[in-house]
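Encoded as structure tokens, the structure appears first; notes follow it.
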Amino acid sequence: MRILAIESSCDETSAAVLERKDETISVKSHVTATSLAMHAKTGGIIPENAAREQVKFILPVITETLCEYSKNKKQKTIISNWEGARKILENEIDAIAVTSGPGLIGSLLVGVETAKVLSYIYGKPLVPVNHLLAHLYANFIKKNQESKNNNQNNLQPTTRRTEPLGGAYDLQHETQNPKPISLPFIGLIVSGGHTDLLMFQSHNTYTWLGGTRDDAAGEAFDKVGRLLNLAYPAGNEIERRAGLIKNTEIIFQSPMIYSKDFDFSFSGLKTEAMRFVTKQERLDEATINQICYATQKAIIDVLIRKTLKAVEKYYCKTVLVGGGVSANQTLKRAFDSIINNQESKINIKFPEKEYSTDNAAMVGAYALMNYKPVEWEKVNANPELYFS
Ligand code: KG4
Ligand code: ZN
């Protein structure tokens, strides 16, 4: 089965073509346009601006994704316009998947309504996808050691594109996941707006174990970043700066680390960092790096402790991590080193970095693993969509 996936929940406009053969999901083309540079200037996302950018990008991104698919498949006729892209959609795509929530209503509507129109006109089944669950299912995308990001393209300087697996639709070059994902598994979602722990008994049966009571993990990175005058979103830069030092005497508490539940709270961390910053006469580079280190450590410590507590309580040996914060390699290494020192090995999965932050490939992966089409009239954008 081959699917066209669309993601437009926030400031990224993304489309991808994915294919499922048996248990293997491969990305055949993937194009993402982002309005992040615009939001960096305002220090955060202004929803109306994000929605306007979605309108601007949605059709070019879908068209380019379908053209890329054709190019990667080495089809004889090179296509570069909607006329050609339309034929690919008609003849080669079996279904359409779209993020239906949660997210910003204006941004979501652009992707959802476009997907509905395409579904209606071309008679393709439509699969609405929960963005948060999709983050976890990015782990089902076949890993590709040869994949690379290519920033040179003709759409916009802010567009990134994923090369197909093996470079040119050549399955022989695909690499195998070392360990396949088996059910049941625990899911840790760590994004800019959400932090949640879930337990999956099957692909469509899961239990919510706990989540943040206030700020999300990514939000904590971003808010501390703002205090330090770092560009939005700050997670990546905080990780980079923390990596410049080996240790610090600054200690920030990991909120709720010893609470008996699976909940999180990160708003206190921002307050603690703010108090510390206010006391400083001047904020030099060395102090900024130390604050970054202490912030990252406080977040990582609580994420790991609560996740491993869930592993122990539910005797579950597989953990999937997803969401923008899963791009944090320090978090990945910290998990790996703890797990490697344990007797009973846990199979922990992080998505490839390009599928950690918002992207359409994860939306397609979820739809291919949970293929549940809904009549287009019944698909609606739902900014509050959570776990049901
Ligand atoms: O999942 P995502 O792309 O968007 C939402 O659905 O919210 O997550 C964005 C979040 C931002 O808060 C950003 O600071 C954070 O992911 N992030 C990181 C890193 N890269 C992105 N946080 C920590 N370390 C990183 N390397
Ligand atoms: Zn996200």
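Residue numbering for the sequence shown follows our numbering, beginning at 16 and increasing consecutively. Backbone N, C-alpha and C define an ideal beta-carbon position, used for all residues, glycine too. Since we're looking at a predicted model, the values are computed, not measured.
The ligand KG4 never approaches residue 369 closely enough for any of its heavy atoms to be under 6 Å from the residue's Cβ. Looking at 126, 220, 135, 380, the one whose alpha-carbon comes closest to that of residue 397 is 126. By the neighbour-count criterion, in which 16 or more other beta carbons inside 10 Å mark a residue as buried, residue 134 falls on the buried side. Residue 220 and residue 385 have their C-alpha atoms roughly 11 Å apart.
Secondary structure note for residue 54: it is in no beta strand (DSSP E), and the uninterrupted alpha helix (DSSP H) holding it is 51 to 57. Here DSSP, grouped into helix, strand and coil, assigns residue 215 to strand. Closer than 6 Å to some heavy atom of the ligand KG4: that does not describe the Cβ of residue 296. A straight-line Cα-Cα distance of about 19 Å links residue 234 and residue 368. Separation of the CB atoms of residue 147 and residue 45 is rounded to 20 Å, and the pair is thereby denied contact status at 8 Å.
In the DSSP assignment, residue 376 falls within the alpha helix (DSSP H) that extends over 375 to 384. Relative to the ligand ZN, the beta carbon of residue 206 is positioned inside 6 Å of a heavy atom.
A straight line joining the alpha-carbon of residue 239 with that of residue 196 spans about 35 Å. Cβ contact annotation for residue 70 (same chain, cutoff 8 Å, sequence separation greater than five): 125, in chain order.
Here the region 337 to 348 makes contact with the region 311 to 319; the two share three or more CB pairs at distances below 8 Å. For residue 26, the CB stays at least 6 Å from every heavy atom of the ligand ZN. Between the alpha carbons of residue 362 and residue 29 lies a distance of about 29 Å. Here the C-alpha atom of residue 286 lies approximately 22 Å from the C-alpha atom of residue 211. Shown here, residue 62 sits in a helix according to DSSP, grouped into three states.
For residue 236, the shortest separation between its Cβ and any heavy atom of the ligand KG4 lies below 6 Å. In this structure, the alpha-carbon of residue 301 lies about 12 Å from that of residue 309. For residue 141 against residue 131, the beta-carbon gap comes to about 7 Å, under 8 Å, which counts as contact. A straight line joining the alpha-carbon of residue 254 with that of residue 305 spans about 11 Å.
Contact between residue 47 and residue 374 holds, since their C-beta atoms are separated by about 6 Å, short of 8 Å. Sequence-distant Cβ neighbours of residue 281 in its own chain, meaning closer than 8 Å and more than five residues away, are 210, 227, 229, 230, 231, 232, 234, 235, 270, 314. Rounded to whole angstroms, the separation of the alpha carbons of residue 106 and residue 261 is 55 Å. A residue is called buried when at least 16 other Cβ atoms come within 10 angstroms of its Cβ; residue 68 meets this threshold and is buried. For residue 267, the closest of 245, 250, 291, 256 by C-alpha to C-alpha distance is 291.
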